[in-house]
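**Student:** In this note's numbering, the protein residues as written are 1 to 196.
Okay, handing you the structure first.
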Ligand SMILES: C[S@@+](CC[C@H](N)C(=O)[O-])C[C@H]1O[C@@H](n2cnc3c(N)ncnc32)[C@H](O)[C@@H]1O
């Protein structure tokens, strides 16, 4: 799958990786930063999303579309689009630029707004990547899990570097008998839940 990364996509990934690193060095205010997943995390979610049963691939927290590009690799391979939710206008513009430059526009549906307003209508979710503000993780988890297909996956970023603030949600997932769950030490730590 990784050998299908086109030159335009590779170029945009490289640009966004450089911008994200520079933002961290510059001390750019938090809401303006891209706060992307790591390269390894991108590979991890792409590989996982390519293995799930039929159903929707969704993402909560687009930012500039870096993680979305990784998910489109799985989408292309399995004949699916990726639906991604983003709240902030400024990030939406960057993401639109990303999808255009990387030539993946036909593979992405970008929804502008609070994901929590839309999630109850998203049935048959096969893969969900959760990477939004930490205070919405728990609500998103509770909205997504009932709508996951059997064998579907929910993966949430920051399960190790924001372990304290996410503790109630992480404990809920690790003890939830609707899913099998594990925290994987890739990138900032990935909570991985598979629907039973
Ligand atoms: C950590 S960044 C996402 C980074 C992105 N997944 C990547 O790796 O390229 C979190 C993003 O989620 C967005 N966000 C936060 N809460 C949201 C919500 N309730 N619905 C939709 N987007 C949200 C923020 O505006 C921000 O752009």
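Yeah, the Cβ is synthetic: ideal placement off N, Cα and C, and Gly gets one too.
It should be emphasised that the depicted structure is a prediction, and the values quoted were computed from it without experimental measurement.
Looking at the unbroken alpha helix (DSSP H) that takes in residue 75, where does it start and where does it end?
**Tutor:** Unbroken alpha helix (DSSP H) run through residue 75: 66 to 78.
**Student:** Identify whether residue 190 lies in helix, strand or coil by the three-state DSSP scheme.
**Tutor:** Residue 190: strand per DSSP, three-state reduction.
**Student:** Name the two residues that bound the continuous beta strand (DSSP E) containing residue 162.
**Tutor:** Careful: residue 162 lies outside any beta strand (DSSP E) and carries neither H nor E.
**Student:** Does at least one heavy atom of ligand 1 sit under 7 Å from the Cβ of residue 88?
**Tutor:** Yes.
**Student:** Identify the residues that DSSP records as bridge partners of residue 128: which are they?
**Tutor:** Looking at the DSSP assignment, residue 128 forms a beta bridge with 58, 154.
**Student:** I'd like the list of long-range same chain contacts for residue 179, defined as Cβ closer than 7 Å, with 5 residues on each side in sequence excluded.
**Tutor:** Closer than 7 Å at Cβ, skipping near neighbours: 145, 173, 193, 194, 195, 196.
**Student:** Which whole-angstrom value is the C-beta distance of residue 16 and residue 36, which I expect to be below 8 Å?
**Tutor:** Right, the Cβ-Cβ distance comes to about 6 Å (below 8 Å), so this counts as a contact.
**Student:** Beta carbon of residue 104, beta carbon of residue 69: below 8 Å?
**Tutor:** Yes, Cβ-Cβ distance for residue 104 and residue 69 is below 8 Å.
**Student:** Cβ-heavy atom distance between residue 28 and ligand 1 below 7 Å?
**Tutor:** Every heavy atom of ligand 1 is 7 Å or more from the Cβ of residue 28, so no.
**Student:** CB-CB under 7 Å to residue 136, same chain, minus the five flanking residues each way: which ones, in chain order?
**Tutor:** Answer for residue 136: 116, listed in chain order.
**Student:** Go through its chain and collect everything with a Cβ distance to residue 19's Cβ below 7 Å, but skip five positions before and after it.
**Tutor:** Once the five neighbours on either side are set aside, the close Cβ partners of residue 19 are 34.
**Student:** Whose C-alpha, out of 61, 75, 67, 76, is nearest the C-alpha of residue 86?
**Tutor:** Answer by Cα proximity: 61.
**Student:** According to DSSP, is residue 148 part of a helix, a strand, or is it coil?
**Tutor:** Strand.
**Student:** Between the beta-carbon of residue 47 and the beta-carbon of residue 153, is there less than 8 Å?
**Tutor:** No, these two residues do not count as a Cβ contact at 8 Å.
**Student:** For the beta strand (DSSP E) containing residue 41, name the first residue and the last one.
**Tutor:** Careful: residue 41 lies outside any beta strand (DSSP E), inside the alpha helix (DSSP H) at 39 to 49.
**Student:** Alpha carbons only, please: which of 134, 170, 142, 127 is nearest the one belonging to residue 150?
**Tutor:** Ranking 134, 170, 142, 127 by Cα distance to residue 150 puts 127 first.
**Student:** Going straight from the alpha carbon of residue 44 to that of residue 131, what length do you get?
**Tutor:** About 14 Å.
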